[in-house]
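Take the sequence shown: its position 23, counted from the start at 1, is 23 in the UniProt record's numbering, and no numbers get skipped. Shown next, in structure tokens, is the structure this report addresses.
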Amino acid sequence: MNHYETVFILNPVLSEDQIKETVKKYEDFLVSKGAKMVAKEDWGLKKLAYPIQNKKSGFYHLFEYTVDGEVITPLEVEFRRDERFMRYLTVKLDKHAISWAERRRAKLKQKA
């Protein structure tokens, strides 16, 4: 089981319900493949550095999870097929990145 982090940008024309439904769909997809969700974050609507699909903003979301490596390819295939996704990035976290993510989550909890 490897530790992964996926950040994705959803189309800004989606309604709040559509965004929640999309996030839930891919969270369920990961869990059905045996993933253990470590953290989920909704970063909200952010302005993009450059236009993507003629859009200047997008809804950012982050998933942090542990799963076997062979699950990542089917997940990214589903992202490519779904027109609600503008961009995504999945990275495998090493021990330093995992500790940094834990400190960042603790700092966010402290602020809340």
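Even for Gly, the Cβ is constructed at its ideal location relative to N, Cα and C.
Legend entry - Closest residue to residue 129 among Met86, His61 and Leu108 (Cα-Cα distance): No answer is possible for residue 129: the residues shown for the chain start at 1 and end at 112.
Legend entry - Tyr50 burial status per 10 Å Cβ neighbour count (16 or more: buried): For this step, residue 50 is matched to residue 50 along the sequence shown. Exposed, because fewer than 16 other Cβ atoms sit within 10 Å of the Cβ of Tyr50.
Inset, instruction - Please classify Leu108: is it buried, with 16 or more other beta-carbons within 10 angstroms of its beta-carbon, or exposed? - result: As a working note, residue 108 is residue 108 in the sequence shown. Exposed is the call here.
Legend entry - At least 3 beta-carbon pairs within less than 8 Å: the segment 7 to 22 vs the segment 31 to 40: no
Inset, instruction - For Leu48, name the three-state secondary structure that DSSP assigns. - result: For the purposes of this step, residue 48 is identified with residue 48 of the sequence shown, where counting begins at 1. Of the three classes helix, strand and coil, the one that applies to Leu48 here is strand, per DSSP.
Inset, instruction - Check each candidate in Arg104, Arg105, Phe85 and Thr73 and name the one with the smallest Cα separation from Val91. - result: Translated into the one-based positions of the sequence shown, residue 91 becomes position 91. Of Arg104, Arg105, Phe85 and Thr73, the residue nearest in Cα terms is Thr73.
Inset, instruction - Leaving aside the five residues before and after Ala112 along the sequence, list all residues of the same chain whose C-beta is less than 7 Å from its C-beta, in chain order. - result: Within the sequence shown, the letter at position 112 stands for residue 112. Correct list: empty, nothing qualifies.
Inset, instruction - Might you give, ordered along the chain, the residues of its own chain that have their beta carbon closer than 6 Å to the beta carbon of His3, omitting 5 neighbours on each side? - result: Reading the sequence shown from its first residue, position 3 is the one you call residue 3. For His3, where only same-chain residues beyond five positions count, the Cβ hits under 6 Å are Thr66, Leu93 and Ile98.
Inset, instruction - Would you tell me roughly how many angstroms separate the C-alpha atoms of Arg105 and Glu83, rounded to the nearest one? - result: If you number the sequence shown from 1, residue 105 lands on position 105. If you number the sequence shown from 1, residue 83 lands on position 83. The alpha-carbon atoms of Arg105 and Glu83 are separated by roughly 30 Å.
Legend entry - Residue ranges of each beta strand (DSSP E) within the segment 5 to 79, 3 or longer: 36 to 52 and 55 to 67
Inset, instruction - May I ask which residues mark the beginning and end of the alpha helix (DSSP H) holding Arg103? - result: The residue given as residue 103 occupies position 103 in the sequence shown. Element bounds for Arg103: Lys95 to Lys111.
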